[in-house]
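Chains as they are written, first to last, in my numbering: chain A, 1 to 122; chain B, 123 to 360; chain C, 361 to 472.
Following: one structure in structure tokens, then a few remarks.
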Amino acid sequence: MSLQQAAGRVRSRSHAGYVAYLVHRLSGLALAVFLPFHFFVLGNALNGAAGLDDFLLWAANPWVKLGEWLLVSALALHMAGGIRVLAIEFLPWSERQKTYIMLCIAFAIAAGLLFLLAARHG
Amino acid sequence: MAEFLTVDIWRGGAEGQLQRFDVPRSDNQTVLDVVTHVQKVLEPSLAYRFACRVGMCGSCAMMVNGKARWTCRTHVKKVAADGRLTLEPLANLPRIRDLVADLAPFFDKWQAAGGQFKPQAELGDDFAIVPPSGAARRQADEAIECIGCAVCYASCDVVAGQPDYLGPAALNRAWTLMNDGRDGAQDERLKAVSGAGGCQNCHTQQGCRDACPKGLNPTRSIAGLKRMSLMALIEGRL
Amino acid sequence: MSGRGEMWLFLAQRASAVVMAPLVLIHLAVIIYAVRSGLSAEAIFARTRGSALWAGFYGLFVVAVSVHAALGCRAISAEWAGWRGNRVDGVWAAFGVLLLIAGLRAVAGVIW
Ligand code: HEM
Ligand code: SF4
Ligand code: SF4
Ligand code: FES
């Protein structure tokens with residue numbers, strides 16, 4: 001593929017709808033990869049609070065907090081983006097697609113910031 | 123304005139390479155004008171398609187700098203600001219020769235999606251009256267303007283990844299017939315558009331809508347089919 | 361997968377999304393509320409232990425997400441990796457069942 005062809009490929013996929021689809025897909029994938037670990041850790045609560053607290057201690061690490069922030073943002077983004085897809089599919093067409101995509105991103109950023117703010121208190 | 127355009131054109135079928143031509147610039151030049159110049163003056167063996175030259179027949183579409191476009195209505199100055207053009211046959215379709223893509227899979231899918239009108243009426247029945255203001259007719263108003271150019275098909279990422287996906291144009295066609303009060307194959311067609319390659323594969327990316335030279339919105343038509351198919355499923359008609 | 365089967369899967373994917381929309385919203389709110397006062401097993405259990413409401417909430421969440429995530433991954437693997445057919449469907453179904461089991465075990469862990 002020549003540079004120009006590659007540029008064309010990127011350009012033909014750079015419209016807002018494609019970016020929204022890609023972000024929705026990648027956030028969904030990230031959540032699906034994370035979910036088994038999430039369940040595993042919580043499932044260990046069956047063995048009593050001690051096991052869970054050990055984990056939570058480990059999770060206080062700033063790097064883990066960063067990961068959590070990413071996941072919270074991904075969840076918010078995927079939910080908002082998912083509602084957007086449902087609206088396209090099940091509500092009358094709206095010409096304000098770009099506005100809705102922006103709202104989804106804004107919602108995810110807001111949720112992520114709230115999480116960071118809250119985590120700083122904790 | 124530079125005096126010459128640097129034009130790279132695909133030569134060969136599935137296997138092949140780009141060949142470079144220098145084409146003189148002129149006012150109001152379209153991409154089709156460029157290809158025609160190459161074929162008439164520089165390389166008579168170049169294969170390409172066109173017919174109407176005015177955006178009606180849908181035969182001249184190809185990849186222009188990586189993007190699917192009709193070429194007869196695409197001005198060079200809009201797409202080649204830097205004086206360079208790369209032309210290839212439409213994506214997501216087999217390549218026959220040079221700029222000619224094999225559209226058989228594209229139109230086969232129109233058939234597979236129930237793209238044929240099946241009349242309900244018997245011979246001798248009265249004329250069916252379809253008021254232009256009727257709700258169903260208005261749903262199909264825009265979608266019937268499709269010229270079958272396959273630009274949307276070449277621009278759809280799901281077609282690229284899921285070869286049996288019927289694609290935006292065939293589904294858009296099916297949507298027009300689902301809103302045709304005279305049609306007598308409604309449930310049959312819903313079955314055709316909701317199978318393995320059906321409307322539910324569309325991820326509403328709107329690549330088709332962005333690319334359609336007629337400004338149509340297959341995404342919306344497909345969403346309509348999704349709703350109809352789900353209703354039919356729940357009501358046991360699928 | 362038969363034609364009608366594909367449509368059932370589509371319905372399941374979208375219906376689970378609709379079910380989860382409010383659940384995720386509440387989940388996000390609870391997460392943010394919970395980290396504010398510092399996460400501890402004690403604080404989590406104080407909320408959840410013996411609560412039928414939270415059991416129902418998380419139970420429904422787990423069922424919906426198992427269906428939804430497995431079908432989502434099925435679409436991705438079909439389009440991006442070209443993995444299709446009954447064997448692949450079986451793998452994703454197993455993934456869904458695994459999520460369901462692990463998820464219900466997690467719910468049991470925080471409720472009982
Ligand atoms: C608020 C709740 C949620 C909503 C409204 C929602 C909505 C959606 C929708 C509508 C799709 C289909 C997208 C498409 O076909 O283009 C989808 C795909 C997907 N979702 Fe969700 N979802 C939610 C929560 C989740 C969660 C918690 C997970 C994590 C396990 C998840 C994982 C996925 C995956 C992996 C896909 C496939 C992505 C794709 O096909 O592009 N979703 N979601
Ligand atoms: S909206 Fe659907 S049909 Fe159109 S390009 Fe996107 S996936 Fe393809
Ligand atoms: S919907 Fe638009 S892009 Fe697609 S075939 Fe019809 S006219 Fe061409
Ligand atoms: S030549 Fe007919 S549409 Fe371009």
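Where is the CB? At the ideal position from N, CA and C, for every residue including glycine.
Just so it is clear, the structure is predicted and the values come from calculations on it, not from any experiment.
Beta-carbon proximity check, residue i vs residue j, cutoff 8 Å
{"i": "Arg342(B)", "j": "Trp93(A)", "result": "yes"}
{"i": "Met185(B)", "j": "Ala202(B)", "result": "no"}
{"i": "Cys274(B)", "j": "Cys334(B)", "result": "yes"}
{"i": "Arg364(C)", "j": "Leu360(B)", "result": "yes"}
{"i": "Asp220(B)", "j": "Arg349(B)", "result": "no"}
{"i": "Leu209(B)", "j": "Phe228(B)", "result": "no"}
{"i": "Gly456(C)", "j": "Ala430(C)", "result": "yes"}
{"i": "Ala377(C)", "j": "Leu86(A)", "result": "yes"}
{"i": "Glu267(B)", "j": "Leu338(B)", "result": "yes"}
{"i": "Ala272(B)", "j": "Ala183(B)", "result": "yes"}
{"i": "Gly320(B)", "j": "Lys240(B)", "result": "no"}
Simplified DSSP assignment, three categories, for residue i
{"i": "Glu210(B)", "result": "strand"}
{"i": "Thr395(B)", "result": "With chain B running from 123 to 360 in the structure shown, residue 395(B) is simply not present."}
{"i": "Gly363(C)", "result": "helix"}
{"i": "Ala223(B)", "result": "strand"}
{"i": "Gly346(B)", "result": "helix"}
{"i": "Ile269(B)", "result": "coil"}
{"i": "Arg256(B)", "result": "For clarity, residue 256(B) is Gly in the given sequence; the question names Arg instead. DSSP places Gly256(B) in coil when its eight states are reduced to three."}
{"i": "Pro382(C)", "result": "helix"}
{"i": "Pro340(B)", "result": "helix"}
{"i": "Asp305(B)", "result": "strand"}
{"i": "Cys204(B)", "result": "This sequence places Asp at residue 204(B); Cys is not what is there. Looking at Asp204(B) - three-state DSSP - the assignment turns out to be coil, as it is neither helix nor strand."}
{"i": "His387(C)", "result": "helix"}
{"i": "Gln327(B)", "result": "coil"}
{"i": "Ser351(B)", "result": "helix"}
{"i": "Tyr287(B)", "result": "coil"}
Interface flag, residue i vs chain C, CB-CB below 8 Å
{"i": "Ala318(B)", "result": "yes"}
{"i": "Leu114(A)", "result": "yes"}
{"i": "Phe39(A)", "result": "yes"}
{"i": "Leu35(A)", "result": "yes"}
{"i": "Leu70(A)", "result": "no"}
{"i": "Lys336(B)", "result": "no"}
{"i": "Ser277(B)", "result": "no"}
{"i": "Lys313(B)", "result": "yes"}
{"i": "Asn44(A)", "result": "yes"}
{"i": "Val281(B)", "result": "no"}
{"i": "Leu29(A)", "result": "yes"}
{"i": "Leu371(B)", "result": "Here chain B comprises residues numbered 123 to 360, so residue 371(B) is not present and cannot be evaluated."}
{"i": "Gln308(B)", "result": "no"}
{"i": "Leu56(A)", "result": "yes"}
{"i": "Leu360(B)", "result": "yes"}
Neighbour flag for residue i against chain B, beta carbons, 8 Å
{"i": "Trp93(A)", "result": "yes"}
{"i": "Leu458(C)", "result": "no"}
{"i": "His78(A)", "result": "no"}
{"i": "Met380(C)", "result": "no"}
{"i": "Tyr21(A)", "result": "yes"}
{"i": "Tyr18(A)", "result": "yes"}
{"i": "Ile88(A)", "result": "yes"}
{"i": "Val85(A)", "result": "yes"}
First and last residue of the uninterrupted alpha helix (DSSP H) at residue i
{"i": "Leu431(C)", "result": "Ala412 to Trp440"}
{"i": "Ala30(A)", "result": "Ala16 to Gly43"}
{"i": "Gln308(B)", "result": "Gln308 to Val315"}
{"i": "Arg84(A)", "result": "Pro62 to Phe90"}
{"i": "His197(B)", "result": "That residue, His197(B), is in no alpha helix (DSSP H); it is neither H nor E in DSSP."}
{"i": "Leu154(B)", "result": "Val153 to His159"}
{"i": "Pro290(B)", "result": "Pro290 to Met300"}
{"i": "Glu402(C)", "result": "Ala401 to Thr408"}
{"i": "Leu360(B)", "result": "Taken as a continuous stretch (DSSP letters only), Leu360(B) belongs to no alpha helix (DSSP H), as it is neither H nor E."}
{"i": "Arg171(B)", "result": "Note, Arg171(B): premise wrong, no alpha helix (DSSP H); not H, not E."}
{"i": "Val281(B)", "result": "Asp279 to Gly283"}
{"i": "Pro49(A)", "result": "The sequence given here has Ala at residue 49(A), not Pro. Ala49 to Trp58 is the extent of the alpha helix (DSSP H) around Ala49(A)."}
First and last residue of the uninterrupted beta strand (DSSP E) at residue i
{"i": "Phe229(B)", "result": "Segment Ala226 to Ala234 is the alpha helix (DSSP H) holding Phe229(B); no beta strand (DSSP E) there."}
{"i": "Phe143(B)", "result": "Gly138 to Pro146"}
{"i": "Ala454(C)", "result": "Per DSSP, Ala454(C) belongs to no beta strand (DSSP E); it is in the alpha helix (DSSP H), Asn446 to Ile471."}
Per DSSP, the bridge partner or partners of residue i
{"i": "Ala190(B)", "result": "Met185(B)"}
{"i": "Gly134(B)", "result": "Gly138(B)"}
{"i": "Arg217(B)", "result": "Ala223(B)"}
{"i": "Pro241(B)", "result": "Asp305(B)"}
Chain A contact for residue i (CB, 8 Å cutoff)
{"i": "Gly363(C)", "result": "no"}
{"i": "Phe405(C)", "result": "yes"}
{"i": "His325(B)", "result": "yes"}
{"i": "Arg349(B)", "result": "yes"}
{"i": "Asn339(B)", "result": "yes"}
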